[in-house]
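Reading through the structure tokens given below for one structure.
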Amino acid sequence: MNRLMTASLLALATALPAQAETFRWAATTDPQTMDPHAVSSAPVLGFLNNVYEGLVRRGRDMSIEGALAESWEPLPDGAGWRFNLREGVTFHGGEAFTAEDVLFSYQRASSEDSDVASWFSPVSDVVLVDDFTVDILTSSPQPIFPDSIANWMMMDSGWAAENGAERPARDAENYATRNVNGTGAFMLQSRQPDLETVLVPFDGWWGEVEHNVTEAVFTPIQNSATAVAALLAGDIDLIDPVPVQDAARVNDADGVYVLDGIEARVIMLGFAHDHETLLNGDPNIFADVRVRQAVSHAVNVPAILQAIMGGVAEEASQLVSPAMRGYSEALSERPAYDPDLARSLIAEAGAEGANFTLSCPNDRYLNDEAVCQAIVAMLAQVGLNATLDAMPVSNYWPQLREDNFDMYLLGWSPGTFDAEHPIRFLVHTNGERLGTWNFGGYSNPRIDELLPLIQSEIDDSARQAMLDEAAQIIQDDAVYNTMYVQPLLWGVRDGIELTQRPDNFFILRWVTVGAEN
Amino acid sequence: MLSFILRRIFQSVLVLLVVGLVAFAMFRFVGDPIDTMLGQERTLEDIDRLREQLGLNKPFFIQYWDFLVRAVQGDLGISYRQGRPVAEIIAERLPATLELALVSGALALFFGIVLGIFTAIRRDGITANLVMSISLIGVSLPTFLIGVLLIYGFGVGIDIRIPFTDMTFNTGGMPTFGRGDTGEIFGWTTGFATWDGIQSIILPAITLGLYQMTLIMRLVRAEMLEVLRADYIRFARARGLGDRAINFRHALKNTMVPVITVTGLQLGSIIAFAIITETVFQWPGVGLLFINAIQFVDIPVMAAYLMLISVMFVAINLIVDLLYVFIDPRLRVS
Amino acid sequence: MTDTPDDIPAVSEARAQSRLARAWDSDVGYAFRHSPVAMISAIVTLTLILAAVFAPLIAPHDPFNPATLNLLNGLTAPGVPSAFTGETFLLGTDDQGRDVFSTILYGMRVSLFVGFAAVTFALVLGVTLGLIAAYVGGWTETIIMRIADIQLTFPSILVAMLIFGIAKGITPIEYRDQVAIAVLILAIGLSDWVQFARVVRGATLVEKNKEYVQAARLIGRSPFVIMARHILPNVLSPVLVIATISLALAIIAEATLSFLGVGAPPTEPSLGTLIRIGQTFLFSGNWWILVFPAATLLVLALSVNLLGDWLRDALNPRLR
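Chains as they are written, first to last, in this note's numbering: chain A, 1 to 517; chain B, 1 to 334; chain C, 1 to 320.
Have a look at this one:
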């Protein structure tokens with residue numbers, strides 16, 4: 001694309017000094033708070049990872065590395081973990097970081113008002129050994145505890161007390177909702193919720209600076225077409241996401257490229273396992289494992305990936321993607337697309353021509369509505385008459401919680417990046433704290449038995465064997481029909497180098513802004 | 001006279017109450033805010049506790065009553081999404097919407113009147129008929145599509161080759177989203193303070209104003225045609241007055257009253273259609289705030305927005321009514 | 001019903017014919033014959049309506065039957081064979097592998113149905129209330145016209161969103177697809193009746209004091225008969241003009257609502273839903289998914305609008 005005239009006009013209008021590297025990026029949602037313990041959502045935690053830090057953090061390849069803790073080791077007999085803190089770290093406000101702040105952040109993050117309290121459910125106590133050593137005691141052995149607290153961010157106790165922000169605010173705001181005092185590589189310069197948030201580098205950061213950003217401006221843009229337009233017009237340096245259908249065109253356009261990868265999120269179909277009848281009063285065909293298996297064979301996942309996901313997603317054979325810890329290598333194949341087999345399974349179960357509803361969100365996952373539409377067509381071809389009910393996610397979750405579905409679409413991204421996570425939330429028998437997202441009411445005593453064993457097993461191979469067993473049960477029972485791992489697509493201006501992680505966190509300290517070519 | 005005003009005010013308050021009730025009834029079906037407020041690792045206890053905290057487990061009419069009592073005291077509640085007072089958020093976002101509405105209203109009024117006069121005077125001319133037909137495109141395409149097409153054409157741009165050369169000209173360059181840089185003038189945050197801000201308002205204002213422009217243009221044309229046939233105009237013509245004097249001094253003046261009334265009443269649809277324009281252009285006004293609130297089931301923000309809109313419209317209606325009374329003495333008797 | 005000549009088919013046919021012929025010879029007919037714009041837009045409108053009505057006969061595919069869709073046909077360009085199946089589509093396919101040409105015909109059906117039904121609803125409601133308000137007067141009139149005033153200033157898309165939200169909430173999940181269209185009609189119709197009511201009231205207030213009405217009253221005709229038989233025919237021409245323009249408005253309103261997520265379901269899309277889906281493909285190079293439905297909508301709305309425009313001028317005696 002030759003943008004000769006506009007380019008020269010623009011150059012005149014915005015002649016900036018060469019060294020000021022302002023970086024502008026946009027995503028669909030604004031982080032609703034700057035408080036690291038108030039909301040456990042990807043937009044919030046991802047954004048705050050740039051300004052706050054935890055004891056440990058994830059590297060470019062998602063591996064756990066030291067952040068505010070230099071090292072850590074398990075305490076004898078699985079009693080917990082010892083963290084040796086980094087010395088000489090200061091908060092943006094100049095306060096020194098000590099073990100006292102770890103204790104305070106534990107109390108704050110595990111309090112009733114915190115949305116991240118579940119990370120600390122195995123923790124029985126936090127003991128300060130000295131100013132730079134902390135023991136976190138657990139009620140049972142917790143082999144993956146350090147992995148599970150990578151997003152537990154440290155706040156200065158003095159700053160919080162001074163400003164009356166000792167507890168996260170849930171139904172109102174407090175000082176920490178719009179102000180930040182972390183130890184991270186960037187400081188909050190200004191924030192207008194929903195409009196614009198500006199970050200600047202923190203000179204006193206303990207780490208080695210790899211970026212060359214002098215100012216970073218974040219803007220939420222909801223309408224994806226508008227975001228693409230802003231990227232193509234040069235108003236924005238990075239957008240997340242690029243709509244799947246636009247990816248090829250954006251990549252071909254001059255001055256921008258698409259960075260794609262695989263997200264940690266697995267997209268699947270769930271079923272009404274324990275309902276007496278379907279919503280229309282007919283017998284519940286999904287109580288029959290053959291019908292659930294038939295659905296797995298009826299859905300042509302390669303075609304969905306080709307036609308709707310732009311060929312960038314990957315098939316999913318189990319509840320987690322291969323990049324996750326505890327992935328079951330033995331089950332790397334998804335049940336094959338085989339409409340004839342599906343038809344005969346349905347005939348065996350006597351479910352030919354059954355009518356039911358497929359519930360689907362239309363604003364939650366990439367092209368969710370289009371995927372559901374395609375599934376309706378594929379099911380129709382094997383003799384199941386699904387009616388699509390697509391709705392915004394704000395209606396969707398209440399419907400699922402109230403058992404108002406026959407079959408539904410769900411995406412799951414394990415917060416701990418471990419295969420245990422989806423078993424805990426999606427497969428374990430539905431209860432107060434476990435199986436809270438097991439809407440279909442699937443229940444298997446063996447799974448319930450395996451979960452606590454998996455959680456406390458220290459030996460890696462024994463743990464993997466149990467995870468393999470669970471994955472096998474889930475596939476044999478066709479508890480969920482896992483379809484694909486959602487792709488990640490960022491649109492980036494040429495000359496900008498950065499790293500994309502499967503958790504879709506945007507890490508500013510890995511950004512270098514180069515010359516536009 | 002006084003009783004008339006009192007009666008109208010009483011009716012207006014009644015309208016507000018009904019709007020509030022309907023709005024509140026709707027919120028129960030928009031969804032459940034709990035799911036958007038809690039992370040995926042929430043327990044059922046967390047859900048119950050938050051529901052209690054927000055007062056969502058109270059009966060519907062008590063929630064409505066609580067809302068009214070606080071609203072009367074000027075407290076619009078606290079946004080579920082941002083945790084900030086709703087009044088503060090709305091005060092922050094309202095200038096953007098008002099600016100957009102004013103600019104598009106002004107554009108619509110100016111071009112609507114000019115083109116309306118032109119098409120009325122040249123009733124049978126080819127150009128006038130062409131203008132009439134083309135103007136219909138403005139009401140024959142949905143607003144969101146016009147916005148998207150404008151962004152594509154003038155934001156991103158299309159390359160047009162200049163004939164007989166190798167040079168191409170790109171039609172883009174206009175800001176694609178947002179308000180641009182804003183500044184403060186007398187404490188009012190405005191986009192007019194910077195060149196970037198002025199550029200940014202052009203495409204959204206055209207998108208929003210196109211429909212109204214077509215409407216005003218047709219109204220002016222129709223009124224002008226009627227007036228131009230009136231006896232006093234014929235008389236003026238017979239007296240030998242020039243076309244210009246007739247058209248502008250006499251005819252135009254008499255078409256202005258209905259035009260201004262209709263434009264005033266149209267302010268409502270401008271603000272409403274601003275919802276769509278703001279979504280397409282990521283314009284940070286109250287319309288976009290409302291759409292965000294629907295997605296998040298931010299009930300206090302939704303309620304405040306609907307009440308704000310109702311108050312505005314009831315007020316406009318009231319003013320128009322009262323103006324009629326002052327203008328038309330016959331109404332004063334009753 | 002009593003035996004009137006109208007009940008005999010041959011007679012009523014002859015009457016209809018003569019009525020058509022009379023219409024053709026009338027002043028309005030004369031104006032029509034001498035206005036190329038009116039002729040062309042009438043022909044275009046009629047063609048599109050017929051195409052929508054006979055869509056099942058014309059369309060090569062049935063896009064509303066999911067069993068016939070092949071995802072591998074998705075995003076095939078117009079007139080180019082699909083890379084996977086080798087099938088060719090006149091106007092290409094969308095991401096679901098639906099033939100765009102067939103989908104437009106079926107979508108137009110939905111849009112026109114919603115448009116006609118909404119206008120009919122608004123017309124019946126508005127005309128009835130307008131007549132009653134003017135004829136009865138007093139408190140009835142005050143209440144009706146106050147509601148109309150409020151409705152007129154309250155943004156119509158907000159009204160539609162409110163109604164849609166409530167209706168969707170109270171409908172059981174398995175019937176939602178069926179009610180979506182009905183709710184759209186109700187929502188658009190309810191936001192549109194005021195214009196009819198105002199015009200009819202205004203006209204009725206004038207007519208009601210004319211001699212023929214007073215005569216009818218004197219011979220003891222009931223108010224209902226007077227309103228329906230005597231006043232109504234005399235206020236019909238402005239109603240006709242408003243109805244035509246409202247039809248175009250209703251079709252556009254449906255498109256706008258579907259952008260806000262309150263439109264026809266994606267498995268049985270209207271033109272508006274098609275445009276909402278199509279606009280997400282604007283930057284992808286698959287222009288046909290947006291351009292053809294949008295062009296159809298534009299041509300449809302434009303020709304209906306032009307027709308309404310012409311009708312307004314033609315029926316206004318002062319402008320003749």
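Quick reminder that beta carbons are idealized off the backbone N, C-alpha and C, glycines included.
- Closest in alpha carbon position to A/A96, among A/T214, A/R58, A/N223 and A/G158, is A/G158.
- Cβ contact annotation for C/A134 (same chain, cutoff 6 Å, sequence separation greater than five): R201, T204 and L205, in chain order.
- Taking 9 Å as the cut-off between beta carbons, the residues of the region 167 to 188 of chain B near chain A are M167, T168, F169, N170, T171, G172, G173, M174, P175, T176, F177, G178 and R179, in sequence order.
- Residue-level contact by beta carbon fails for A/I144 and chain B, as no gap is shorter than 9 Å.
- Per DSSP, the unbroken alpha helix (DSSP H) holding A/F104 starts and ends at A99 to A109.
- Bounds of any beta strand (DSSP E) do not take in B/P95; it lies within the alpha helix (DSSP H) bounded by V86 to I121.
- Taking CB atoms only, B/M26 has a neighbour in chain C less than 9 Å away.
- In the assembly as shown, C/S284 is a buried residue. Its beta-carbon has 16 or more other beta-carbons within 10 Å.
- One finds T357, T387, D389 and M391 in chain A with Cβ atoms closer than 9 Å to the Cβ of C/R176, taken in chain order.
- When secondary structure is reduced to three states using DSSP, A/D260 falls in the strand class.
- In the structure shown, the three-state DSSP call for A/R86 is coil.
- Counted as a single uninterrupted DSSP element, the alpha helix (DSSP H) harbouring A/S344 occupies residues P339 to A349.
- Closer than 9 Å to the CB of B/M307 there is not a single CB belonging to chain C.
- At a cut-off of 9 Å between C-beta atoms, A/A169 does not count as an interface residue with respect to chain C.
- Less than 9 Å divides the Cβ of B/L288 from the Cβ of B/T279.
- Apart from the 5 residues on each side of it in sequence, A/D368 sits with its Cβ closer than 7 Å to the Cβ of C360, P361, N362 and L409 in its chain, given in chain order.
- Taking the C-beta atoms as reference points, B/T277 is found nearer than 9 Å to B/L100.
- Membership of A/P392 in any beta strand (DSSP E) is not indicated, and neither H nor E is assigned to it by DSSP.
- For A/L188, the uninterrupted beta strand (DSSP E) segment begins and ends at F186 to Q192.
- For the pair B/I291 and B/I275, the Cα-to-Cα distance works out to about 7 Å.
- A buried status is given to A/S296, since no fewer than 16 other beta-carbon atoms sit within 10 Å of its beta-carbon.
- The contact set of B/P59 on chain C, defined by CB atoms closer than 8 Å, is empty, because the minimum CB distance reaches about 17 Å.
- When the alpha-carbon of B/G264 is set against those of B/V30, B/T43 and B/Q212, the nearest one is in B/Q212.
- With fewer than 16 neighbouring CB atoms inside 10 Å of its own CB, A/G431 falls in the exposed class.
- Distance check between C/A77 and each of C/A67, C/G86, C/L57 and C/L91 places C/L91 closest, using alpha-carbon atoms only.
- Within chain B, no C-beta atom comes nearer than 9 Å to that of C/L205; the closest sits roughly 14 Å away.
- Residue-level contact by beta carbon holds for A/L232 and chain B, with a gap shorter than 9 Å.
- In this structure, B/G20 keeps its C-beta atom at 9 Å or more from the C-beta atom of B/S269.
- In this structure, DSSP gives A/R265 an extended state, which the three-state scheme calls strand.
- With a beta-carbon spacing of about 10 Å, B/A87 and B/L94 fall beyond the 8 Å limit used to define contacts.
- Within a 10 Å sphere around the beta-carbon of B/Y64 sit 16 or more other beta-carbons, which makes this residue buried.
- Two segments are said to touch when three or more pairs of C-beta atoms, one from each, lie closer than 8 Å; by this definition the region 120 to 134 of chain C does not touch the region 160 to 175 of chain C.
- Only those residues of the region 471 to 482 of chain A whose C-beta falls short of 7 Å from the nearest C-beta of chain C would be listed, and there are none.
- The contact set of C/R217 on chain B, defined by CB atoms closer than 7 Å, is empty, because the minimum CB distance reaches about 25 Å.
- Excluding the 5 residues flanking it on each side, B/I121 has same chain C-beta neighbours closer than 7 Å at N247, in chain order.
- Taking a contact to require three or more Cβ pairs closer than 8 Å, the region 387 to 396 of chain A and the region 292 to 305 of chain B qualify as touching.
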